[in-house]
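Okay, structure first, notes after.
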């Protein structure tokens with residue numbers, strides 16, 4: 003799951019870079035991060051908060067999942 007998250011976030015930023023209309027690569031990076039950086043951070047934050055709730059659940063399967071993700 004962690005690998006999926008890292009690929010997902012990277013793919014969104016890379017897509018933003020590819021569709022940017024800027025000519026200079028540095029401007030394309032700024033454009034991609036400006037457009038998609040905040041939504042990616044929001045997605046990561048909501049995922050962290052959702053998984054953090056599982057930290058206190060005593061079920062073995064949930065604890066194993068939590069340890070794997072974190």
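Residue numbers (this note's numbering): 3 to 72. For every residue, glycine included, the Cβ atom is placed at its ideal position computed from N, Cα and C. On a predicted model such as this, the values are computed, not experimentally measured, just so you know.
Take the Cβ of residue i as the centre, count every other Cβ of all protein chains shown within 10 Å, and call the residue buried at 16 or more, exposed below.
i, result
"residue 18", "buried"
In the DSSP assignment, find the unbroken alpha helix (DSSP H) run with residue i in it and report its ends.
i, result
"residue 52", "27-55"
"residue 23", "Careful: residue 23 lies outside any alpha helix (DSSP H) and carries neither H nor E."
"residue 71", "62-71"
If residue i sits next to residue j, beta carbons under 8 Å apart, how far is it from one beta carbon to the other, in whole angstroms?
i, j, result
"residue 11", "residue 42", "5 Å"
"residue 22", "residue 13", "With 8 Å as the limit, residue 22 and residue 13 do not qualify as a contact, their Cβ atoms being about 15 Å apart."
"residue 71", "residue 53", "5 Å"
"residue 7", "residue 66", "Actually they do not touch by this definition, with Cβ atoms about 18 Å apart."
Can you tell me which of the options puts its alpha carbon nearest to the alpha carbon of residue i?
i, options, result
"residue 15", "24, 32 and 5", "32"
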